[in-house]
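Colleague: Chains as they are written, first to last, in our numbering: chain B, 1 to 115; chain Z, 1001 to 1110.
Ideal Cβ positions, reconstructed from N, Cα and C, are used throughout, including at glycine.
Quick caveat, the model's predicted, so the values are computed rather than measured.
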Amino acid sequence: GAVVSQHPSRVICKSGTSVKIECRSLDFQATTMFWYRQFPKQSLMLMATSNEGSKATYEQGVEKDKFLINHASLTLSTLTVTSAHPEDSSFYICSAVRQGYTEAFFGQGTRLTVV
Amino acid sequence: RKEVEQDPGPFNVPEGATVAFNCTYSNSASQSFFWYRQDCRKEPKLLMSVYSSGNEDGRFTAQLNRASQYISLLIRDSKLSDSATYLCLNYGGSQGNLIFGKGTKLSVKP
Chain B
1 GAVVSQHPSR
11 VICKSGTSVK
21 IECRSLDFQA
31 TTMFWYRQFP
41 KQSLMLMATS
51 NEGSKATYEQ
61 GVEKDKFLIN
71 HASLTLSTLT
81 VTSAHPEDSS
91 FYICSAVRQG
101 YTEAFFGQGT
111 RLTVV
Chain Z
1001 RKEVEQDPGP
1011 FNVPEGATVA
1021 FNCTYSNSAS
1031 QSFFWYRQDC
1041 RKEPKLLMSV
1051 YSSGNEDGRF
1061 TAQLNRASQY
1071 ISLLIRDSKL
1081 SDSATYLCLN
1091 YGGSQGNLIF
1101 GKGTKLSVKP
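(1) Identify every run of the beta strand (DSSP E) within the stretch 31 to 92 of chain B, keeping only runs that are complete inside it and at least 3 residues long; order them along the chain.
(2) Hey, out of B/E103, B/A84, B/K20 and B/L44, whose CA is closest to B/H7's CA?
(3) Rounded to the nearest angstrom, what separates B/R10 and Z/A1067 at their Cα positions?
(4) Round the Cβ separation of B/V3 and B/C23 to the nearest angstrom and send it over; I've been treating them as touching at under 8 angstroms.
(5) Tell me which residues share the same chain as B/T75 and place their Cβ nearer than 6 angstroms to its Cβ, disregarding the 5 neighbours each side in the sequence.
(6) Given that Z/L1087 touches chain B, what residues does it touch there, using C-beta distances under 9 angstroms?
(7) Which residues mark the beginning and the end of the beta strand (DSSP E) in which Z/N1027 is found?
(8) When the Cα of Z/Q1069 is compared with those of Z/V1019, Z/A1020, Z/Q1031 and Z/K1109, which residue comes out closest?
(9) Bridge partners of Z/S1068, per DSSP?
(10) Just tell me which of B/T32, B/P40 and B/L44 has its CA closest to the CA of Z/R1037.
(11) Z/I1071 and Z/C1088: beta carbons closer than 7 angstroms?
(12) Please report the distance separating the alpha-carbon of B/I93 from that of B/V81.
(13) If you measure between the beta carbons of Z/T1085 and Z/Q1006, is that distance less than 7 angstroms?
(14) Should Z/C1040 go down as buried or exposed, given a rule of 16 or more other Cβ atoms within 10 Å for buried?
(15) Mapping DSSP to helix, strand and coil, what is Z/D1077?
(16) Give the DSSP bridge partners of Z/Y1051, in chain order.
(17) Can you pull the chain B neighbours of Z/F1034, defined as C-beta to C-beta under 8 angstroms?
(18) Tell me the DSSP bridge mates of Z/F1034?
(19) Once the 5 residues before and after Z/A1020 are set aside, which same chain residues still bring their CB inside 8 angstroms of it?
(20) Taking all protein chains shown into account, do 16 or more other C-beta atoms lie within 10 angstroms of the C-beta of B/S83, making it buried, or fewer, making it exposed?
(21) Determine the closest residue to Z/Y1025 out of Z/K1102, Z/T1061 and Z/V1108, with distance taken between C-alpha atoms.
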């Protein structure tokens, strides 16, 4: 089956630093990838939609300058949390839709802790 | 109206019970629907797709009602291991996004 690999699975960083999260579709091409954030005991919230070769579309309330998304190829999208603060601590999950299909495949998630 | 809405629960049911969740959606042009299961601190896993004709997989039955714009998930003979949060996913929202409902928490008790 289709596999999406997300890395790192867990990261702890100091306040003010930047963190990059990678999302790779291992055995399929993903024209669209989605980034979600989930705070404890809350639901998954869509942050942005990433299309290969074009700028990401951000949901209302998500700062595009803080959450930099790059979708350079059909198999890789990255999310960079810039100047991270403790309130950015959350569970970040990417999802990829296989070209020609509608099922979404999820990465394993990245638990970010900013101290 | 929010694009995808679910009753957050929690639904507390005894083992062996039958439980049903609904998920309403606002975009009548939505293409595809899915039920996902999310365990605590894990990523969502696909439970089943929801077809127009309805589909069944063992103890799980999913149905789509386009006229009333909702999908449902029925779980029969609940097991302790069914305890999780169940998310409905709508593909093809207003911007072609994947939109999750907030999830319905199910807790199956002995």
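Modeller: Looking at the atomic coordinates:
(1) 45 to 51, 67 to 73 and 76 to 81
(2) Mapped onto the first sequence, residue 7 of chain B falls at position 7. The candidate whose alpha carbon is nearest that of B/H7 is B/K20.
(3) The residue labelled residue 10 of chain B in the question sits at position 10 within the first sequence. The residue labelled residue 1067 of chain Z in the question sits at position 67 within the second sequence. For B/R10 and Z/A1067, the distance between alpha carbons rounds to 43 angstroms.
(4) Mapped onto the first sequence, residue 3 of chain B falls at position 3. Mapped onto the first sequence, residue 23 of chain B falls at position 23. That belief does not hold up - the Cβ atoms of B/V3 and B/C23 are roughly 11 angstroms apart, past 8 angstroms.
(5) One-based indexing of the first sequence puts residue 75 of chain B at position 75. Same-chain partners within the cutoff: R24 and S25.
(6) Taking the second sequence and counting its residues from 1, one reaches residue 1087 of chain Z at position 87. By Cβ distance, chain B contributes S43 and L44.
(7) Your numbering for residue 1027 of chain Z matches position 27 in the second sequence. Looking at the DSSP string, Z/N1027 is not in any beta strand (DSSP E), and its letter there is neither H nor E.
(8) The residue given as residue 1069 of chain Z occupies position 69 in the second sequence. Measuring from the Cα of Z/Q1069, the nearest candidate turns out to be Z/Q1031.
(9) Counted from its first residue, the second sequence places residue 1068 of chain Z at position 68. Paired residue(s): none; Z/S1068 is not in a bridge.
(10) The residue given as residue 1037 of chain Z occupies position 37 in the second sequence. The shortest Cα separation from Z/R1037 among B/T32, B/P40 and B/L44 belongs to B/L44.
(11) On the second sequence, residue 1071 of chain Z is found 71 positions in, with the first residue counted as 1. On the second sequence, residue 1088 of chain Z is found 88 positions in, with the first residue counted as 1. Yes.
(12) Here residue 93 of chain B is taken as the residue at index 93 of the first sequence, counted from 1. Here residue 81 of chain B is taken as the residue at index 81 of the first sequence, counted from 1. Going by the C-alpha atoms only, they are around 13 angstroms apart.
(13) What you label residue 1085 of chain Z is simply residue 85 of the second sequence in a count that begins at 1. What you label residue 1006 of chain Z is simply residue 6 of the second sequence in a count that begins at 1. It is not a contact, given that the beta carbons lie outside the stated cut-off.
(14) Locating residue 1040 of chain Z in the second sequence gives position 40, counting from the first residue. The residue in question, Z/C1040, is exposed, as its Cβ has fewer than 16 Cβ neighbours within 10 Å.
(15) On the second sequence, position 77 is the one that residue 1077 of chain Z refers to. DSSP places Z/D1077 in coil when its eight states are reduced to three.
(16) Reading the second sequence from its first residue, position 51 is the one you call residue 1051 of chain Z. Bridge partners of Z/Y1051: none, in fact.
(17) Locating residue 1034 of chain Z in the second sequence gives position 34, counting from the first residue. By Cβ distance, chain B contributes E103 and A104.
(18) On the second sequence, position 34 is the one that residue 1034 of chain Z refers to. DSSP output for Z/F1034 lists Z/S1049 and Z/L1089 as bridge partner(s).
(19) Here residue 1020 of chain Z refers to the residue found at position 20 when the second sequence is read from its first residue. Closer than 8 angstroms at the Cβ level, and outside the excluded window around Z/A1020, lie S1072, L1073, L1074 and I1075.
(20) To locate residue 83 of chain B, count along the first sequence from 1; it is residue 83. With fewer than 16 Cβ atoms within 10 Å of its Cβ, B/S83 is classed as exposed.
(21) To locate residue 1025 of chain Z, count along the second sequence from 1; it is residue 25. It is Z/K1102.
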